[in-house]
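For the protein sequence lines, the chains are A and B, in the order given. Its first residue numbered 173, the first sequence is counted upward by one per residue in this note's numbering. Its first residue numbered 3, the second sequence is counted upward by one per residue in this note's numbering. Comments concern the structure below.
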Amino acid sequence: MISGLSNRALARKARCLLLMLAFWLPLTAQAAIDAFEFRDDATRERFADLTAELRCPKCQNQNIADSNSPIASDLRHEIYRMLQDGATDDEIVDFMVARYGEFVLYRPRLDNQTLLLWYGPFGLLLIGAIVVLVLTRKRRDAGDDPAHPEHHLSEAEQRRLDQLLKQDEK
Amino acid sequence: MMRRLILFFPLLVFFGLGIFLWRGLQLDPTELPSALIGKPMPAFQLSSLYDENQTLTENDLRGTPALLNVWATWCPTCKQEHDQLNKIAREEGVTIYGINYKDDRAKANDWLQRYQDPYARNIFDPKGTLGLDLGVYGAPETYVLDKDGIIRYRHVGEVNEKVWQQLREVMQQLDGGAS
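Structure representation (structure tokens):
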């Protein structure tokens, strides 16, 4: 016979187990993908950053961390090897660019060719701001201010308006 | 009058953008320019596919303008283009070098015996180290080398008659520049 108390204790135990499982499962998934042994956590993080930043040349909408293609796997191993040999991040990125071109960079470098790409949006914003500014200036100068529509009534119109308002009050 | 013309400005911008984006649709995003165009063949030291005791280096690819073809027996498109390569080597007398990329030596030699061998030299690259230095991202790839071993052109994918016409044009320009 199971009493109410032990039932509750059982439920608590089950919940505890589930929680443990929830923390443990993602760890095993990670282990299945990555078989690399790193010197320390800093190197592991650099590896994660580099493979996330570099684009797979074969499957173009994935970075080399996510891609399953053989070339991405080769590049992961190459990056791992260079990290273990003590290469800097810049050296590794230069190595990849020298072979696969600027294409592999998800964040293009700032140079003459990419100047428009980096600063173009700000330029467009500036142009937009200037256009808005000029248009509002013009409207205000023309007395065409939408906030004060009474300004563009002629003298006769104004007199008629006052007359109508007065009639209403009666 | 001036104000009227200004009203057409957005239409002009629309057409400009339209033409720009429409042109973008015609481009093939999978075709990447090689980072090595105009650069010499990367240095390597690998064995010949035919004889594991014979070592080949980048110097063995100099002397005459040539095609350098990256191939493997596991690559279906390589099989498709093989007849075309045979034709180029035999009928047009073009020197073709091969890089046997991440393949098995025995399988590759069998393959060449069965389907004929268009290659003047074949570099055995089982780990893909030379492929990595060349920026190979998928076989088949075909490069045009000039007589000094400088990389002049790269084509990714099958070499068919149409692509061969392009490659020939590049090679003819090299010849013209040399003499």
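C-beta atoms are modelled at their ideal positions from N, C-alpha and C, and glycine is treated no differently.
In this structure, how does DSSP classify residue i when only helix, strand and coil are distinguished?
i, result
"LEU290 (chain A)", "A small correction: the amino acid at residue 290 (chain A) is Trp; Leu does not occupy that position in the sequence shown. Correct three-state label for TRP290 (chain A): helix."
"GLU143 (chain B)", "strand"
"ALA100 (chain B)", "Before going further, note that residue 100 (chain B) is Gly rather than Ala in the sequence given. Correct three-state label for GLY100 (chain B): strand."
"ILE39 (chain B)", "coil"
"ALA204 (chain A)", "Because the pLDDT of ALA204 (chain A) is 40, which lies under 50, any placement of that residue in the model is unreliable, and the question is left without a value."
"ILE251 (chain A)", "helix"
"PHE296 (chain A)", "As written in the sequence, residue 296 (chain A) is Leu, which differs from the Phe given in the question. DSSP places LEU296 (chain A) in helix when its eight states are reduced to three."
"GLN232 (chain A)", "coil"
"GLN28 (chain B)", "helix"
"GLN175 (chain B)", "helix"
"TYR117 (chain B)", "helix"
"ILE174 (chain A)", "Bear in mind that the predicted position of ILE174 (chain A) carries a pLDDT of just 47, short of 50, making it too unreliable to give a figure here."
"ARG211 (chain A)", "coil"
"ARG5 (chain B)", "helix"
"GLN47 (chain B)", "strand"
"THR260 (chain A)", "coil"
"TYR278 (chain A)", "coil"
"ASN61 (chain B)", "helix"
"VAL303 (chain A)", "helix"
"ASP150 (chain B)", "coil"
"VAL138 (chain B)", "coil"
"ALA68 (chain B)", "strand"
"VAL269 (chain A)", "helix"
"SER181 (chain B)", "Reliability of the predicted coordinates at SER181 (chain B) is poor, the pLDDT of 43 falling under 50, and the value obtained from them is presented with this limitation in mind. Reduced to three states, the DSSP call for SER181 (chain B) is coil."
"VAL165 (chain B)", "helix"
"LEU226 (chain A)", "strand"
"PHE22 (chain B)", "helix"
"ASN111 (chain B)", "helix"
"ASN284 (chain A)", "coil"
"ASP334 (chain A)", "helix"
Under 9 Å between beta-carbons, which chain A residues line up against residue i? List them in chain order, please.
i, result
"ASP127 (chain B)", "Residues of chain A passing the Cβ test: none, with the nearest at roughly 12 Å."
Could you tell me which chain B residues have their CB closer than 8 Å to the CB of residue i, listed as they occur along the chain?
i, result
"LYS230 (chain A)", "TYR139 and GLY140"
Using the beta-carbon of each residue, which ones in chain B are nearer than 7 Å to residue i?
i, result
"ASP246 (chain A)", "GLY130 and LEU134"
"ALA270 (chain A)", "ALA37"
"GLU250 (chain A)", "LEU134"
"ILE299 (chain A)", "Under the 7 Å cutoff, chain B gives no residues; its nearest Cβ is about 11 Å from ILE299 (chain A)."
Interface residues of chain A around residue i at Cβ under 7 Å?
i, result
"PRO31 (chain B)", "GLN232"
"LEU34 (chain B)", "PRO229, GLY273 and PHE275"
Output, in chain order, the set of chain B residues within a Cβ distance shorter than 9 Å of residue i.
i, result
"ILE236 (chain A)", "Result: empty, since nearest Cβ-Cβ is about 11 Å, beyond 9 Å."
"ILE264 (chain A)", "The contacting residues do not exist; ILE264 (chain A) stays about 13 Å from chain B at best."
"ILE302 (chain A)", "Simply none; closest approach about 15 Å."
Got a sec: is the Cβ-Cβ distance from residue i to anything in chain C below 8 Å?
i, result
"ALA91 (chain B)", "The chain inventory of the structure shown lacks chain C, comprising the protein chains A and B."
Would you mind giving the Cβ-Cβ distance between residue i and residue j, rounded to the nearest angstrom? I have them listed as a contact below 8 Å.
i, j, result
"LEU169 (chain B)", "ASP148 (chain B)", "Not quite, the Cβ-Cβ distance comes to about 13 Å (not below 8 Å), so this is no contact."
"ALA220 (chain A)", "ALA237 (chain A)", "7 Å"
"GLU83 (chain B)", "ASN162 (chain B)", "7 Å"
"PRO120 (chain B)", "ALA91 (chain B)", "4 Å"
"LEU222 (chain A)", "ILE264 (chain A)", "6 Å"
"GLN86 (chain B)", "TRP166 (chain B)", "6 Å"
"GLU60 (chain B)", "GLY137 (chain B)", "Their Cβ separation, rounded to whole angstroms, is 15 Å, which puts GLU60 (chain B) and GLY137 (chain B) out of contact at 8 Å."
"GLY159 (chain B)", "THR79 (chain B)", "7 Å"
"ARG218 (chain A)", "LEU255 (chain A)", "6 Å"
query = Okay, do the region 21-37 of chain B and the region 267-277 of chain A touch, 3+ Cβ pairs below 8 Å being the bar?
reply = yes
ask   = Taking Cβ-Cβ distances below 8 Å as the criterion, which residues of the region 66-95 of chain B are in contact with chain A?
value = none
query = What are the residues of the region 273-284 of chain A that lie near chain B, defined by any Cβ-Cβ distance shorter than 7 Å?
reply = GLY273 and PHE275
inquiry  = With a threshold of 8 Å, are at least 3 pairs of Cβ atoms found where one atom belongs to the region 61-68 of chain B and the other to the region 86-101 of chain B?
reply    = yes
ask   = Does the region 71-89 of chain B come close enough to the region 130-150 of chain B to have 3 or more Cβ pairs within less than 8 Å?
value = yes
query = Are the region 101-119 of chain B and the region 50-63 of chain B touching by the rule of at least three beta carbon pairs closer than 8 Å?
reply = yes
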